[in-house]
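Note sheet for the following structure.
Residue numbers (the working numbering), protein chains in the order written: chain E, -11 to 281; chain B, 21 to 427; chain H, 286 to 620.
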């Protein structure tokens, strides 16, 4: 029984990693209607910047805060300079552009910081807590706390503030929004800026455990997409729950279902997605679309 | 469309045809082997400069530094070495195209140090058919030495995974003859080779594998595999991973408070890439193997070979980090290449292969006691020895002596 | 000269150039062009799915891999003659595409994209899992087709011409399909799904058929790939190839036949040139070129003639307006 709970807990810890990146994906989708394939690489790049600042002597907290601020600006700039040109156009063109950005950032990071592995200091302590025979790490608890905090903040932003309302309007119907005075362009920039901040936060939370190299986010991105799809692409809480479900189910299957084993355990989240999307395409928490002629 | 456009279009077609014809297909055969002249030798290599395995590009950088160093000192018998490297992003189809390009377009004298088991498997039939030396491939698979008759132009270099696992088995038999081993391995040719080599090596002993977990290079983390392994009744952990995952595994073992004898494979044993990120306090007592001098070890800091290497790296590759062990690997294998070239009796590919097949030399930057020896079809493995090392306090300390593990 | 005549002249010119290639270039370059043909067939299949039918697939690499492994196993382990492995691969992938297309009916847009992405990720794992059959991570070497002596051609030339013949057949089939009933149905589905169904188009059948056909194309391309490279391993079929196909259809031009060829040229040559420029910055250059391409040519290369014509028309109009102005001012006596 203990083992089972440990597996669950480990699954939630891993799932929190996916959830962190999924949140950034959801934020961009919610505020701009775009799926950003380069999200992970932007997060990785930000994490490297934080690492660089820390290595240069800044205390960790300050390095992280500075990175968050820089990422915010960078996200806005990328939207204004690059993405703006393609908005409103073909979805596929945009997919290719974000893919191009993915490849570019990955290579650029390698060129600047090298391709080797390195450590990243954790914002939380190294300790573990043992509760009823189950080992929990303070770090994982911290990540969960941060995630829930972010979800809460996003909820407040979108549901309770004027800015959030304007962002949602700009994403859903840019033309009408412009007519009522929403500065659509600014809202889009804001969305990308915030998503970049979330991505950077995800990177900084995740790098101590995964270790930092240019491929930090490569593997996570697929899981993050799965988490967002499962939870609903326009739902922040969905992203978190989705991440946890994937982490847990993957771990359970890998541990208890002999046929699956570690090499096929990636099938578990994929199959879950497939099934969920077949019967509830909007995801567990997303809003349903109605197709009108 | 008017007649004006028609003329323009025909003109374009004619120009294109002319340009194509100008490139022509060159079927001529010059005299002597390509890629070698009185004052130069051209070598070609295909490496993953981009993509998931790009950390290994450091090998090419180390090799290049050595060739530049040799050239600065007059070259090999007066010939300067021209090392052409291409990127294959660790993708077999790109490796195939690079091999064709190096042989047919760049006209290299020999292929040198191509990296990656699948990439080399993809090209070795073609290269052997073309009768081009396919030398010192950068992979630990045992295939390259097994089939000297079938693929006479191909040869490996580093102690292969069979040798390495034999060394671990020998070590365990002495230290812990009834060890119960838990294994974490990468689910590809590298991991499987090491694991299977180990399984073969412990046959007939009292050593037993009690748990086995694999992971994919595309996995974000090995946390759940480690959790499973730690809950087994093993007293020894065999860690067959590449640097990033080595670090994750060591960190996980520390977090889980899993105190067992920890054997870490050679590829994952870098202090800089693995142990420092994890925290040296978590690396105490870890055992691994080595066959070349550790650029971070104090005991080799004054060794002439190490000094020469570091000076050359500063001079020729200033942007590189000379403490990256992959640079040393590149330096060492390039040294072997130079030795082979020096033993060449005539400037032909056949003569080069003859020299390669009867190597008997020592490379200074390899650990003392490790020889580089081949013997035609009897022995297709240049290096078959390694030395056990254990991490104590802040450094890897070599134990006992070099262990010979011939095939 | 009519548009039709020009187009025919262009196609004939292209065909002539294509046949001439193996006699004008060395084996390395010819090998590259052979791969371009391989990719062109796969990209064509993807374009049928995405461009014409509006369904998205981020995982066509999986069908490509399936076709390649089918052909490789048939040739190496069942001693099937090379040419037979091509339709075999096509049929296997048609079936797989159909099976996948049925549940995929309920998904569209982003969700279909994600599920196909999952397919692309799953396939290399399955290849490794069934390594008793596939040789797993060791990879499987396959004998490549050899030029029959009486032709007097070198192996690489023969391989190229064989691939050219296969590609030509696939292109003709595609061209035919897009003009036929399936093509019309497919376009109707893409443009106005609900309206199309009220007109009697069987949505489900159409969409699954297109999925299956598109997968079959990828499968045939996979078989051609085995001829060209002679080696299969899971590392050759990662997400990279799926993304490359997607980039190719967008760069070449959605819903165009000629776009497939241009897209294939792009994904074969640009990475090589990028790493030639600076091996440290390969990705930066490739990503940058991709983005620049989308910026300058959002309709892909196939949209280039239209853009140039539009540009020429605009200049012409501007020039005319100027002369009109000139005449007006003259008449009114303003200098």
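Backbone N, C-alpha and C define an ideal beta-carbon position, used for all residues, glycine too.
All of these numbers come straight from a predicted model, not from anything done at the bench.
- The C-beta of residue 348/B comes no closer than 8 Å to any C-beta of chain E.
- Linking residue 541/H to residue 168/B through their CA atoms gives a straight-line distance of about 51 Å.
- For residue -11/E, the three-state secondary structure derived from DSSP is coil.
- For the pair residue 60/B and residue 103/B, the Cα-to-Cα distance works out to about 10 Å.
- Taken through DSSP and simplified to helix, strand or coil, residue 154/B comes out as strand.
- For the C-beta of residue 361/H, not a single chain B residue is nearer than 7 Å; the gap to the nearest is close to 13 Å.
- Excluding five sequence positions before and after residue 262/B, the CB atoms of its chain that fall closer than 7 Å to its own CB belong to 206, 287 and 288, given in chain order.
- At a cut-off of 8 Å between C-beta atoms, residue 116/B counts as an interface residue with respect to chain H.
- Interface with chain B (8 Å Cβ-Cβ cutoff): residue 326/H is excluded.
- Fully contained in the region 496 to 576 of chain H is no beta strand (DSSP E) run of length 3 or more.
- Residue 314/H counts as buried, since no fewer than 16 other beta carbons sit within 10 angstroms of its beta carbon.
- Counted as a single uninterrupted DSSP element, the alpha helix (DSSP H) harbouring residue 145/B occupies residues 137 to 149.
- Less than 8 Å divides the Cβ of residue 230/B from the Cβ of residue 254/B.
- In summary, the residues of the region 106 to 118 of chain E whose CB is separated from some CB of chain B by less than 9 Å are 106, 107, 108, 114 and 116, in the order they occur in the chain.
- Ranking 385/H, 466/H and 534/H by CA distance to the CA of residue 585/H puts 534/H first.
- With a cut-off of 8 Å on Cβ pairs, the region 110 to 130 of chain B is not in contact with the region 85 to 99 of chain B, counting fewer than three such pairs.
- With a threshold of 16 other beta carbon atoms within 10 Å, residue 309/B meets it and is buried.
- Cβ atoms of residue 108/E and residue 195/E come within 8 Å of each other, at about 4 Å.
- The three-state reading of DSSP puts residue 427/B in coil, since its state is none of H, G, I, E or B.
- Within a 10 Å sphere around the beta-carbon of residue -11/E sit fewer than 16 other beta-carbons, which makes this residue exposed.
- The Cβ atoms of residue 387/B and residue 312/B sit closer than 8 Å to each other.
- Against chain E, a Cβ distance below 8 Å from residue 579/H picks out 74, 81, 84, 85 and 88.
- With a cutoff of 8 Å on beta-carbon distance, residue 358/H and residue 345/H are scored as not near each other.
- Membership of residue 121/B in any alpha helix (DSSP H) is not indicated, and neither H nor E is assigned to it by DSSP.
- As summarised for the region 352 to 427 of chain B, the continuous beta strand (DSSP E) elements at least 3 residues long and confined to that stretch are 405 to 412 and 415 to 424, given in chain order.
- For residue 140/B, the closest alpha carbon among the candidates 124/B, 121/B and 110/B is that of 110/B.
- Going by DSSP, residue 463/H is part of the alpha helix (DSSP H) stretching over 440 to 464.
- Under the DSSP assignment, residue 117/E falls in the beta strand (DSSP E) whose first and last residues are 116 to 119.
- By the criterion of at least three beta-carbon pairs nearer than 8 Å, the region 67 to 75 of chain B is not in contact with the region 330 to 341 of chain B.
- Nearest to residue 373/H by alpha-carbon distance, out of 582/H, 296/H, 505/H and 391/H, is 505/H.
- Contact between residue 240/B and residue 198/E is confirmed by a C-beta separation of about 6 Å, below the 8 Å threshold.
- Under the DSSP assignment, residue 130/B falls outside any alpha helix (DSSP H), being part of the beta strand (DSSP E) whose first and last residues are 130 to 132.
- Counting only the Cα atoms, residue 195/B lies some 19 Å from residue 217/B.
- Using a Cβ-Cβ cut-off of 8 Å, residue 41/E does not count as an interface residue toward chain B, since no Cβ of chain B sits closer than that to its own.
- Straight through space, the alpha carbons of residue 163/B and residue 409/H are spaced by roughly 23 Å.
- A check of alpha carbon separations from residue 105/E across 245/B, 101/B, 345/B and 166/B identifies 345/B as the nearest.
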